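Notes to accompany the following structure.
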Amino acid sequence: MNDLSDPYSGYRLLNEGKRLLEALLTPTETPFSVLAATLSQDESLTALEKEGGGRPGLDMVFNSSAIATARQARLVVHEIRNALIPAQIALGSLYSSVVGSQVEAEVARFRPRIDPGIDRALKFVTDLLKTSELAARAPEGFDVLRVLADAVASVATSLRTQLHVAPDLPSLSGYRERFVLAIVNLLRNAEQAGAKQVVIDCILEDNQRNLLLTVDDDGPGVRPEDRERIFQRGISLRSGGAGEGLALVKEVVEIELHGKVACVDKPDGGARFRMRLPVAERTPR
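The numbering of the sequence shown is the numbering used here, which starts it at 194 and goes up by one.
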């Protein structure tokens, strides 16, 4: 740890620092050893920049941290999948072995709680890996109309969806596949709530700096007291819901796209999700 009176004059080795150094010498990669290597690299980059009289290499630090996060996620996903997939296979064999026996009905009673839990955990770690790998990649511009069309096309549902989007809107800057997933989650959320139709509108605001995107459905709507908390992770108004879909929407819109999302009043009934999305900076000609 640095001497706080002079951050770059020397170091004192504390217990936590000793753990980090030991992790650096570990021959096999673990989440902690990856973290230790990243911290060491980030500290070195910053110190070298200071020594040279320049600003800390924030871009280099960010990139190394993002790459390490992706590596950590791969390790975590690998370990969890190695634990869950054999368990899933063993459970399948167990289910087959009890067919026709006295315990078949008892085992069948627990399957709706066991199988979806394993499936959800596997999906979660897969999404975790995708998200962390995106973080190691620079955001890119994408066309909002094509993204919305792709999201609608990817949802196999009887939900009727109308798109009211101009073809010449400015691009957004972010991770295209994550924004597709956010819109898909809104569509699925509408269907699960009982909606039959969704209308998606997108316009460029008068200030030319933001797109205003609204997703309206004809379902039962959301009570005013629930309109903020539905975006919290783990909160679901539907029995059996995991509370992850709208939390992901908020994460994509507000953290990745630097916009704002809210569930607002819809005068003729149903739910309305309104998103204000800053457009990508245009390169001067």
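Built from N, CA and C at the ideal position, the CB exists for glycine as well.
The structure displayed is predicted, hence computed values, not measured ones.
Item, Value
"Ranges of the alpha helix (DSSP H) found wholly within the stretch 310 to 357, counting only runs of at least 4", "337 to 347"
"Length of the line joining the Cα atoms of residue 351 and residue 298", "34 Å"
"Sequence-distant residues of its chain with Cβ nearer than 6 Å to residue 388 (five each side left out)", "410, 411, 412"
"Through-space distance from residue 294 to residue 347, alpha-carbon basis", "42 Å"
"Anticipated Cβ contact below 8 Å, residue 363 with residue 473, distance rounded", "7 Å"
"Cα-Cα separation, residue 332 to residue 292", "52 Å"
"Which residues DSSP lists as bridging residue 470, in chain order", "404"
"Best match in 445, 454, 447 for proximity to residue 420 [C-alpha to C-alpha]", "454"
"Where the beta strand (DSSP E) containing residue 397 begins and where it ends", "390 to 397"
"Inter-stretch contact at 8 Å, needing at least 3 Cβ pairs: the stretch 382 to 401 / the stretch 275 to 283", "no"
"As assigned by DSSP and simplified to three states, the class of residue 463", "coil"
"First through last residue of the alpha helix (DSSP H) which encompasses residue 438", "438 to 443"
"From 465, 308, 320, 342, residue whose alpha carbon lies closest to that of residue 416", "465"
"Residue nearest to residue 423 in terms of C-alpha spacing, selected from 407, 440, 414, 408", "440"
"Rounded C-alpha distance that separates residue 404 from residue 269", "37 Å"
"Expected contact under 8 Å - CB spacing of residue 457 and residue 379 to nearest Å", "With 8 Å as the limit, residue 457 and residue 379 do not qualify as a contact, their Cβ atoms being about 14 Å apart."
"Residue 354 burial status per 10 Å Cβ neighbour count (16 or more: buried)", "buried"
"Pick from 368, 384, 315 that is closest to residue 447, judged by C-alpha positions", "368"
"For residue 285, three-class secondary structure by DSSP", "helix"
"Cutoff 6 Å; reference residue 467; Cβ partners in own chain excluding five residues on either side", "407, 455, 457"
"CB of residue 356 within 8 Å of CB of residue 341, strictly", "yes"
"Where the alpha helix (DSSP H) containing residue 374 begins and where it ends", "369 to 385"
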